[in-house]
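Each protein sequence line maps, in turn, to chains A and B. In terms of the working numbering, the numbers along the first sequence are unbroken and rise by one, the last being 600. In terms of the working numbering, the numbers along the second sequence are unbroken and rise by one, the last being 1492. For reference, the structure is listed below as structure tokens.
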Amino acid sequence: MVYRIFDAHAHIGKDLFCKMSAEELVDGMKNWNISKAVVSPMGRAVISNLAETNDELSSVINRYGDKLVGLAAANPWYGQEAVEEIDRAIGSLGLRGIKLSPVTQGFPVNHEIVHPVIEAAINHGVPVLIDTGFPVLSLPFQFGDLAKTFPDATLIMGHMGLADYNWFDALVVARSCPNVIIETSSQDCQISFEQAVKDVGEDRLVFGTDIPHTDPVVEIRKIETLDISSAAKSKIFSENIARLLAL
Amino acid sequence: MNVMDAHSHLMVKFLMYKEAGVELNIQMMDKAGIDRACLFTSDFLSTDVSVAPKAWEERMNEKIAESVESYPDRLVGFGTVDPKIERAAERLDSLIAKYGFRGAKFHPWHQDFPCGDVMHPIMEVAAKRRLPMMFHSGTPVYAQPLAIAWMAEYFPDVPIILAHMGLTCMYVDAVHAAKRYENVFLETSAMPYTPVLEKAVSELGPHKILFGTDTPFLYPYIEILRIQRLKIEEDDKEMILGGNIERLIDRSTP
Chain A
354 MVYRIFDAHA HIGKDLFCKM SAEELVDGMK NWNISKAVVS PMGRAVISNL
404 AETNDELSSV INRYGDKLVG LAAANPWYGQ EAVEEIDRAI GSLGLRGIKL
454 SPVTQGFPVN HEIVHPVIEA AINHGVPVLI DTGFPVLSLP FQFGDLAKTF
504 PDATLIMGHM GLADYNWFDA LVVARSCPNV IIETSSQDCQ ISFEQAVKDV
554 GEDRLVFGTD IPHTDPVVEI RKIETLDISS AAKSKIFSEN IARLLAL
Chain B
1239 MNVMDAHSHL MVKFLMYKEA GVELNIQMMD KAGIDRACLF TSDFLSTDVS
1289 VAPKAWEERM NEKIAESVES YPDRLVGFGT VDPKIERAAE RLDSLIAKYG
1339 FRGAKFHPWH QDFPCGDVMH PIMEVAAKRR LPMMFHSGTP VYAQPLAIAW
1389 MAEYFPDVPI ILAHMGLTCM YVDAVHAAKR YENVFLETSA MPYTPVLEKA
1439 VSELGPHKIL FGTDTPFLYP YIEILRIQRL KIEEDDKEMI LGGNIERLID
1489 RSTP
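Here it is, written out as structure tokens:
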């Protein structure tokens, strides 16, 4: 079975141990059979000069037509300035959602500092992708605490809690917060996805790679070989993210 | 190529996982093309109130020995003891003598111990028997890679293997530890960051990296695919996929 694959969690730019240009990403997508990628910046670019970062993201995305979709970088430390940048990035630049990186940007995901950003996302009707799985700053229950504070926000739980048994926590959170969507990248325990389909349904998982941090071929194989229906895989691979971002 | 998995578990009933016998391990190994695997328990502490911790420990080690006995060409047994129960070092010593285990696996947060003085008598046994010592790593607080690797200085003859090489969020510590100490090795299961793996191979040398799967919690055909696809030399891959762990096991003396 050949699935249409959209990557809900891709990056361009430079991070601590990897980098990727838009050209490399789009070239790679051909080999990996990924037809569309939701891209956000990473590393130093998401810490300061966010307007510059988002301008560059938007211009790169426009160069590749409908292959790439962008999530705006927003840094909660900037308060009202961050909100204005979100207004500009979503309203004028055509970016389709927001990406937060609690570890790179340095904030506890459930801290009040994040609230204006989430409120801005609600105002614009766009989802927020947030990395989870990092102790102290963004564990699933901390993410869940934020999700409970903002039931009207669509929050995508990047990495589904990542390592260890954090995915148990991710499921507890997703079961009680209908506004939480689970993203699959770098979650290595495939049983977690099968259980998620049982617990919260196949409409609330989105496939992601976290490229260039991971090998997309491996990330795809993890989902392809799950013991769930083909219909569920189609949803996870592209239909769910297409619905969320109106792609 | 001879493929050996440095990290697999015998599944007992654990939370939402179903109980399964050693046959599941063999099936999963076959599907992934794995010839041999180091086998550990997955139930480090008693989950049955009628079984005292020490008796439980004995029972879990016995199960590993039985499993290895039923597939001697496929499995290599690793034992474990609870470091908090007195005379843990003696128990490990006699376990090795009794069952011929070729290494030991510890899980600081499951077993609830900080890797400090409590481990030292056990490490002395490991030094005497040249046993590879595998530790779950990457979960704060008790399984910090550097807390485990700190022991390497006191026991330079003991191969210390950091399972999961820092488990994503603590990969920096794991790589630094393996760089600082000759006798610290990194095991690859649940490490999704291929650039980190490739960099570890080039910076530390391929002899420092051991392929592992964490079967059956994780699926070995995925874990091996990641290693097979790394952009590294084929010879290095061969060492990582089996040669390195074989060498560590061969030098241990049950």
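A virtual CB, placed ideally from N, CA and C, is assigned to each residue, including glycine.
Roughly how many whole angstroms lie between the Cα atoms of residue i and residue j?
{"i": "residue 1374/B", "j": "residue 1383/B", "result": "9 Å"}
{"i": "residue 518/A", "j": "residue 493/A", "result": "11 Å"}
{"i": "residue 1276/B", "j": "residue 1478/B", "result": "14 Å"}
{"i": "residue 482/A", "j": "residue 379/A", "result": "21 Å"}
{"i": "residue 410/A", "j": "residue 393/A", "result": "8 Å"}
{"i": "residue 512/A", "j": "residue 1363/B", "result": "40 Å"}
{"i": "residue 466/A", "j": "residue 455/A", "result": "11 Å"}
{"i": "residue 1279/B", "j": "residue 1349/B", "result": "12 Å"}
{"i": "residue 1321/B", "j": "residue 416/A", "result": "60 Å"}
{"i": "residue 412/A", "j": "residue 1249/B", "result": "51 Å"}
{"i": "residue 565/A", "j": "residue 405/A", "result": "22 Å"}
{"i": "residue 1187/B", "j": "residue 575/A", "result": "Outside the displayed span of chain B (1239 to 1492) sits residue 1187/B, for which this structure offers no information."}
{"i": "residue 599/A", "j": "residue 588/A", "result": "14 Å"}
{"i": "residue 1294/B", "j": "residue 1323/B", "result": "12 Å"}
{"i": "residue 1415/B", "j": "residue 1390/B", "result": "9 Å"}
{"i": "residue 1452/B", "j": "residue 563/A", "result": "22 Å"}
{"i": "residue 1336/B", "j": "residue 1369/B", "result": "15 Å"}
{"i": "residue 1344/B", "j": "residue 1380/B", "result": "11 Å"}
{"i": "residue 1493/B", "j": "residue 432/A", "result": "Nothing can be reported for residue 1493/B, as the shown portion of chain B is limited to 1239 through 1492."}
{"i": "residue 1455/B", "j": "residue 515/A", "result": "14 Å"}
{"i": "residue 1289/B", "j": "residue 1332/B", "result": "21 Å"}
{"i": "residue 1485/B", "j": "residue 425/A", "result": "50 Å"}
At what residues does the beta strand (DSSP E) containing residue i begin and finish?
{"i": "residue 452/A", "result": "450-453"}
{"i": "residue 464/A", "result": "Unbroken run through residue 464/A: none, as it is neither H nor E."}
{"i": "residue 507/A", "result": "From DSSP, residue 507/A is part of no beta strand (DSSP E); its letter is neither H nor E."}
{"i": "residue 391/A", "result": "389-395"}
{"i": "residue 1344/B", "result": "1341-1344"}
{"i": "residue 595/A", "result": "Segment 593-598 is the alpha helix (DSSP H) holding residue 595/A; no beta strand (DSSP E) there."}
{"i": "residue 446/A", "result": "Here residue 446/A belongs to no beta strand (DSSP E), and DSSP marks it neither H nor E."}
Does the beta carbon of residue i sit closer than 9 Å to a beta carbon anywhere in chain B?
{"i": "residue 397/A", "result": "no"}
{"i": "residue 566/A", "result": "yes"}
{"i": "residue 563/A", "result": "yes"}
{"i": "residue 574/A", "result": "yes"}
{"i": "residue 543/A", "result": "yes"}
{"i": "residue 370/A", "result": "yes"}
{"i": "residue 538/A", "result": "yes"}
{"i": "residue 578/A", "result": "yes"}
Please decide whether residue i counts as near chain A, where near means a Cβ-Cβ distance under 9 Å.
{"i": "residue 1276/B", "result": "no"}
{"i": "residue 1248/B", "result": "no"}
{"i": "residue 1259/B", "result": "no"}
{"i": "residue 1208/B", "result": "Chain B is shown only over 1239 to 1492; residue 1208/B falls outside these bounds and no answer can be derived."}
{"i": "residue 1402/B", "result": "yes"}
{"i": "residue 1486/B", "result": "no"}
{"i": "residue 1333/B", "result": "no"}
{"i": "residue 1460/B", "result": "yes"}
{"i": "residue 1244/B", "result": "no"}
{"i": "residue 1430/B", "result": "yes"}
{"i": "residue 1434/B", "result": "yes"}
{"i": "residue 1440/B", "result": "no"}
{"i": "residue 1427/B", "result": "yes"}
{"i": "residue 1340/B", "result": "no"}
Residue i touches chain A at which residues, Cβ-Cβ below 9 Å?
{"i": "residue 1407/B", "result": "456, 486, 487, 488, 515, 516"}
{"i": "residue 1376/B", "result": "516, 517"}
{"i": "residue 1292/B", "result": "Per Cβ cutoff of 9 Å: no residues; residue 1292/B is ~26 Å from chain A at best."}
{"i": "residue 1467/B", "result": "568, 570, 571"}
Going by DSSP, what residue range makes up the alpha helix (DSSP H) through residue i?
{"i": "residue 484/A", "result": "Here residue 484/A belongs to no alpha helix (DSSP H); instead the beta strand (DSSP E) covers 481-484."}
{"i": "residue 1358/B", "result": "1358-1367"}
{"i": "residue 1383/B", "result": "1383-1387"}
{"i": "residue 423/A", "result": "No alpha helix (DSSP H) holds residue 423/A; the beta strand (DSSP E) holding it covers 421-426."}
{"i": "residue 1440/B", "result": "1432-1442"}
For a contact meaning CB atoms closer than 7 Å, what does residue i contact in chain A?
{"i": "residue 1456/B", "result": "541, 542"}
{"i": "residue 1463/B", "result": "571, 574"}
{"i": "residue 1322/B", "result": "The premise fails here: residue 1322/B is roughly 21 Å from chain A at the closest Cβ pair, so nothing lies under 7 Å."}
Mind listing the chain A neighbours of residue i? Cutoff is C-beta to C-beta under 8 Å, in chain order.
{"i": "residue 1437/B", "result": "370"}
Taking 8 Å as the cut-off, is the C-beta of residue i nearer than that to any heavy atom in the ligand PLP?
{"i": "residue 355/A", "result": "For the structure depicted, the ligand PLP is absent and the ligand set is empty, with no information on it obtainable."}
Check your understanding: Three or more beta-carbon pairs under 8 Å between the region 471-490 of chain A and the region 1400-1413 of chain B, yes or no?
Key -> A contact is defined here as three or more CB-CB pairs under 8 Å, and the region 471-490 of chain A meets this definition with respect to the region 1400-1413 of chain B.
Exercise for review: Give a yes or no on contact between the region 467-475 of chain A and the region 433-445 of chain A, applying the rule of three or more CB pairs nearer than 8 Å.
Suggested key: As far as the Cβ criterion goes, the region 467-475 of chain A touches the region 433-445 of chain A, which means the pair count is three or higher.
Review point. Does the count of Cβ pairs from the region 547-554 of chain A and the region 562-575 of chain A closer than 8 Å reach three?
Key: Too few Cβ pairs lie closer than 8 Å, so no.
Review point. Is the region 1431-1439 of chain B close to the region 1455-1475 of chain B, with three or more CB pairs under 8 Å?
Key: The region 1431-1439 of chain B vs the region 1455-1475 of chain B: in contact.
Review point. Pairing CB atoms from the region 1311-1323 of chain B with CB atoms from the region 1290-1302 of chain B, are three or more of them under 8 Å?
Key: By the criterion of at least three beta-carbon pairs nearer than 8 Å, the region 1311-1323 of chain B is in contact with the region 1290-1302 of chain B.
Review point. How do the region 1422-1431 of chain B and the region 589-598 of chain A stand: do at least 3 beta-carbon pairs fall below 8 Å, yes or no?
Key: Judged by Cβ distances under 8 Å, the region 1422-1431 of chain B makes no contact with the region 589-598 of chain A, as fewer than three pairs qualify.
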